[in-house]
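Undergrad: Under this note's numbering, the residue at position 405 of the sequence shown is numbered 974, and the numbers go up by one with no gaps.
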Amino acid sequence: MVDDDGNSSIAHLEIEVINQRPVALFERPADGGIGDAYIFSSLSFDPDGDSSSLSHYWTFSDRDSPIENTTSVSRTFSNPGLHSVSLVVVDERGLDSAPKTFLLYIGNPLPVPIMSFSCPSDASGLLFEVPEDGSDDIAWKVPRTSEGGPFVAPGNQIRFDGSDSFDADPEFQGATSSDINSDDWNGIVEWIWDFGDASPPSSGPVVWHSYERSGEYTVRLTVIDGFGAGDSNTTEMNVIVSSVPQIKTSEPIGTEYVVVGELVNLSGTASDYDLESGIVAWLDNDAFFDSDGDGDPSNDKDRNLTDSLDFYWDTNVFVDGDCTTPSGCDGDSRNDWITTNETWGVPGEVRISLTVCDSLSVCASRDYVITVLSIQDTAPPKTLSDLTIEDLVPGRESAGLLALVALVAALGWMVLRERDEDEVDALENVKKYDVDEVEAEGGLPGMDQHSPPPQPKYLTAEERTNRESGYVRPIRTRRKK
570 MVDDDGNSSI
580 AHLEIEVINQ
590 RPVALFERPA
600 DGGIGDAYIF
610 SSLSFDPDGD
620 SSSLSHYWTF
630 SDRDSPIENT
640 TSVSRTFSNP
650 GLHSVSLVVV
660 DERGLDSAPK
670 TFLLYIGNPL
680 PVPIMSFSCP
690 SDASGLLFEV
700 PEDGSDDIAW
710 KVPRTSEGGP
720 FVAPGNQIRF
730 DGSDSFDADP
740 EFQGATSSDI
750 NSDDWNGIVE
760 WIWDFGDASP
770 PSSGPVVWHS
780 YERSGEYTVR
790 LTVIDGFGAG
800 DSNTTEMNVI
810 VSSVPQIKTS
820 EPIGTEYVVV
830 GELVNLSGTA
840 SDYDLESGIV
850 AWLDNDAFFD
860 SDGDGDPSND
870 KDRNLTDSLD
880 FYWDTNVFVD
890 GDCTTPSGCD
900 GDSRNDWITT
910 NETWGVPGEV
920 RISLTVCDSL
930 SVCASRDYVI
940 TVLSIQDTAP
950 PKTLSDLTIE
960 DLVPGRESAG
970 LLALVALVAA
980 LGWMVLRERD
990 EDEVDALENV
1000 KKYDVDEVEA
1010 EGGLPGMDQH
1020 SPPPQPKYLT
1030 AEERTNRESG
1040 YVRPIRTRRK
1050 K
């Protein structure tokens, strides 16, 4: 500066402008789930510089290293739980911002329950008992309805399998083991089975169950994964237990009797609730072989289970007809099925049975009594004009019968004429009382069957005083005046 005299002086002042820290900024997206795509875009700025020159550093809790030099990041999360996202920006002077951090919750995907079933069988059909492990003669079959559920008979054992269930977390994709200690663990920690028939629930990846009553049941499988306290999910399947056929036939021959040697046509009718309800079911004969080549070995339609009913007749429920076959007696007299119409060679009454079965061998049985008459029994009675001398004269066949009747009559008469104790006592009493005439009616004399005693005579005064006469003086009483 210069004064009035022309003198001047110079002063120097230094001003320092401080670089302000940049501001890291981005919007927080909504919480989501595994596999959801997230885009994080920076809205950061430098209050005293060029914001476009900012360097960006993104840090994610599920990554070991940050993502650098990009203003926008696209991410997905593969693990459920709470995740943190942080952004730090650095300006051109190297000054970094305070970190901007948001917390995101990635929801746990529900476990996926998968249920399958199969039934053990042998040569006789589906089993009613759980087979022993390692049985070589057991075949695994799948009786299923068109809806995919089991179609079984009462008492048939069903093996329910839930071991294909898995945790939907990506880390368990493709895992198949239900062992929590296995490297191939599928993430499921518990299986709970409800069979829908008021029986106690079961647990485990594989369980056995059978239904004792016909009807429709709903079996439910609930699986629980190992995340946190455990998330659960449930699936269900309908089980149909076959109903017993109802036999409608009351007269299998349509007549009151049959004649010896006559060919008889046995006919019967029955109804079945499963068929009337429109249920469609098939049997896959091998649960491990894909016979139709569709990729599912358990849905092959090898045999129709709801086609029609089978009728079986046994023409004598008291005789085991198998005893006359090379295989010998089987101990069951009610399963000797006939394949053609029947004839009977001996007259009398015969008890037969009709058994009606469905394709699962659920059967109903009913007995009938058939009257078999000889040809003579069916001939009409002869009139008097039809009788001949041969009809009146006993033949050789009836002579023996007539002789037997005469012998029985003679023996009966002799037995009836033999006196019993009452008759003997009555005869002795007759002698004791000196009865002159006795008329016996029915073999026993009675009080009115003899003549009365003679009327007593009048006694004289002398005889009345004689003690030997037996006279008794009557007792008289005097009236008081």
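From the three backbone atoms N, C-alpha and C, an ideal C-beta is built for every residue, glycine too.
1) Looking only at C-alpha atoms, which of Leu942, Gly797 and Phe614 sits nearest to Val758?
2) Tell me the DSSP secondary structure of Ile921 in three-state form.
3) Under a three-way DSSP split, which group does Ser555 fall into?
4) Measuring alpha carbon to alpha carbon, tell me which residue in Ile944, Asn677 and Leu594 is nearest Ser666.
5) When you compare the stretch 659 to 674 with the stretch 760 to 772, are there three or more beta-carbon pairs, one atom per stretch, that lie closer than 8 Å?
6) Quick one: which unbroken alpha helix (DSSP H) runs of 4-plus residues sit fully inside the stretch 788 to 852? Chain order, please.
7) In this structure, what does DSSP give as the bridge partners for Arg713?
8) Counting pairs of Cβ atoms below 8 Å between the stretch 594 to 609 and the stretch 631 to 646, do you hit three or more?
9) Is it true that the CB of Val775 sits closer than 8 Å to the CB of Asp736?
10) Would Phe686 be called buried (16 or more neighbouring beta carbons within 10 Å of its own) or exposed?
11) Between Asp876 and the rest of its own chain, which residues show a CB-CB distance below 8 Å, the 5 nearest in sequence each way excluded?
12) Looking at C-alpha atoms only, which residue of Val711, Leu696 and Asp879 is the closest neighbour of Thr924?
13) Taking a contact to mean a Cβ-Cβ separation below 8 Å, would you say Glu779 touches Val792 in this structure?
14) Classify Pro739 as helix, strand or coil using the three-state DSSP reduction.
15) Quick one: grab the DSSP three-state call for Glu992.
16) Can you tell me whether Gly756 is buried or exposed, with buried defined as 16 or more other CB within 10 angstroms of its CB?
17) Going by DSSP, name the residue or residues bridged to Glu785.
18) Quick check: the Cα distance between Val721 and Phe857, rounded to an integer number of angstroms?
19) Which value, in whole angstroms, describes the spacing of the CA atoms of Ser653 and Pro591?
20) By Cβ distance below 6 Å, which residues in the same chain neighbour Cys926 in space, the five residues on each side in sequence not counted?
21) For Asp615, I'd like the list of residues in its chain whose CB is within less than 7 Å of its CB, leaving aside the five on either flank, ordered along the chain.
22) Are the beta-carbon atoms belonging to Ser840 and Pro821 less than 8 Å from one another?
23) Straight-line CA distance for Asn904 to Asp702?
24) Provide the residue span of the beta strand (DSSP E) that contains Asp691, from first to last.
25) Which one of Thr803, Gly799, Val810 and Trp777 has the shortest CA to CA distance from Tyr786?
26) If you draw a straight line from the alpha carbon of Trp762 to that of Leu852, how long is it in whole angstroms?
27) Quickly, what does DSSP pair Glu698 with across the bridge? List them, please.
28) Run through DSSP, which three-state label would Asp730 get?
29) Using CA atoms only, rank isn't needed, just tell me which of Thr628, Glu740 and Thr884 is closest to Ser655.
30) Could you say which of Asn677, Ile636 and Tyr674 lies nearest to Val658 if we only look at CA atoms?
31) Expressed to the nearest angstrom, what Euclidean distance is found between the alpha-carbon atoms of Ser548 and Ile749?
32) Tell me, to the nearest whole angstrom, how far the beta carbon of Asp899 is from that of Asp889; I am working on the premise that it is less than 8 Å.
33) Pick out whichever of Val571, Gly717 and Pro700 has its Cα sitting closest to the Cα of Val808.
34) Should Phe609 be labelled buried (16 or more other beta-carbon atoms within 10 Å of its own) or exposed?
35) By the DSSP assignment, the beta strand (DSSP E) with Cys898 in it spans what residues?
36) If we call anything under 8 Å between Cβ atoms a contact, is Pro700 one with Glu781?
TA: Reading from the atomic positions:
1) Within the sequence shown, the letter at position 189 stands for residue 758. The shortest Cα separation from Val758 among Leu942, Gly797 and Phe614 belongs to Gly797.
2) The residue given as residue 921 occupies position 352 in the sequence shown. Reduced to three states, the DSSP call for Ile921 is strand.
3) The chain is shown only over 570 to 1050; residue 555 falls outside these bounds and no answer can be derived.
4) For the purposes of this step, residue 666 is taken as residue 97 along the sequence shown, with counting starting at 1. Among Ile944, Asn677 and Leu594, the Cα nearest to that of Ser666 belongs to Leu594.
5) no
6) 842 to 845
7) Translated into positions along the sequence shown, residue 713 becomes position 144. Note: Arg713 sits in a beta bridge opposite Pro719 and Trp851.
8) yes
9) Against the sequence shown, residue 736 aligns to sequence position 167. Against the sequence shown, residue 775 aligns to sequence position 206. Cβ atoms of Asp736 and Val775: not closer than 8 Å.
10) Mapped onto the sequence shown, residue 686 falls at position 117. So Phe686 ends up on the buried side.
11) As a working note, residue 876 is residue 307 in the sequence shown. Result list for Asp876: Ser928, in chain order.
12) Your numbering for residue 924 matches position 355 in the sequence shown. Of the candidates Val711, Leu696 and Asp879, the one whose C-alpha sits nearest the C-alpha of Thr924 is Asp879.
13) On the sequence shown, position 210 is the one that residue 779 refers to. On the sequence shown, position 223 is the one that residue 792 refers to. Reading off the sequence, residue 779 comes out as Ser, not Glu. No, they are not a contact pair.
14) In the sequence shown, the residue the question calls residue 739 occupies position 170. Helix, per DSSP.
15) Stepping through the sequence shown from its first residue, residue 992 is reached at position 423. Residue state, collapsed to three classes: helix.
16) Counted from its first residue, the sequence shown places residue 756 at position 187. Under this definition Gly756 is a buried residue.
17) Working through the sequence shown from its first residue, we reach residue 785 at position 216. Partner(s): Ile809.
18) By 1-based counting over the sequence shown, the position of residue 721 is 152. By 1-based counting over the sequence shown, the position of residue 857 is 288. Taking the straight line from one Cα to the other gives about 19 Å.
19) Position 84 of the sequence shown, counted from the start, is the residue given in the question as residue 653. Position 22 of the sequence shown, counted from the start, is the residue given in the question as residue 591. Approximately 21 Å between the Cα atoms of the pair.
20) Indexing the sequence shown from 1 puts residue 926 at position 357. For Cys926, where only same-chain residues beyond five positions count, the Cβ hits under 6 Å are Asp879 and Cys932.
21) Locating residue 615 in the sequence shown gives position 46, where the first residue counts as 1. Excluding positions up to five away in sequence, the list reads Pro591, Leu623 and Asp660.
22) Start at 1 with the first residue of the sequence shown, and residue 840 comes out as number 271. Start at 1 with the first residue of the sequence shown, and residue 821 comes out as number 252. No, the pair does not count as a contact, with Cβ atoms beyond the cut-off.
23) For this step, residue 904 is matched to residue 335 along the sequence shown. For this step, residue 702 is matched to residue 133 along the sequence shown. Taking the straight line joining both Cα atoms gives about 33 Å.
24) As a first step, residue 691 is located in the sequence shown; it is residue number 122 there, counting from the start. First-last of the beta strand (DSSP E) with Asp691: Ser685 to Asp691.
25) Numbered from 1 along the sequence shown, position 217 holds the residue referred to as residue 786. Of the listed residues, the one whose Cα sits closest to Tyr786 is Val810.
26) By 1-based counting over the sequence shown, the position of residue 762 is 193. By 1-based counting over the sequence shown, the position of residue 852 is 283. Approximately 24 Å between the Cα atoms of the pair.
27) Position 129 of the sequence shown, counted from the first residue, corresponds to residue 698. Glu698 pairs with nothing; no bridge assigned.
28) Taking the sequence shown and counting its residues from 1, the one referred to as residue 730 is at position 161. It is a strand residue.
29) Residue numbering aside, residue 655 sits at position 86 when the sequence shown is read from its first letter. Per the Cα distances, Thr628.
30) Position 89 of the sequence shown holds residue 658. Here the closest residue by C-alpha is Ile636.
31) As displayed, the chain neither begins before 570 nor continues past 1050, which places residue 548 out of reach and without an answer.
32) If you number the sequence shown from 1, residue 899 lands on position 330. If you number the sequence shown from 1, residue 889 lands on position 320. Asp899 to Asp889, Cβ: 7 Å. Contact.
33) Residue mapping note: residue 808 aligns to position 239 of the sequence shown, counting from 1. Residue Gly717 is the option with its Cα nearest to Val808.
34) Mapped onto the sequence shown, residue 609 falls at position 40. Label assigned to Phe609: buried.
35) The sequence position of residue 898 within the sequence shown is 329, counting from 1. Counting along the chain, Cys898 falls outside any beta strand (DSSP E), and DSSP gives it neither H nor E.
36) Taking the first residue of the sequence shown as 1, we reach residue 700 at position 131. Taking the first residue of the sequence shown as 1, we reach residue 781 at position 212. Not closer than 8 Å, so no.
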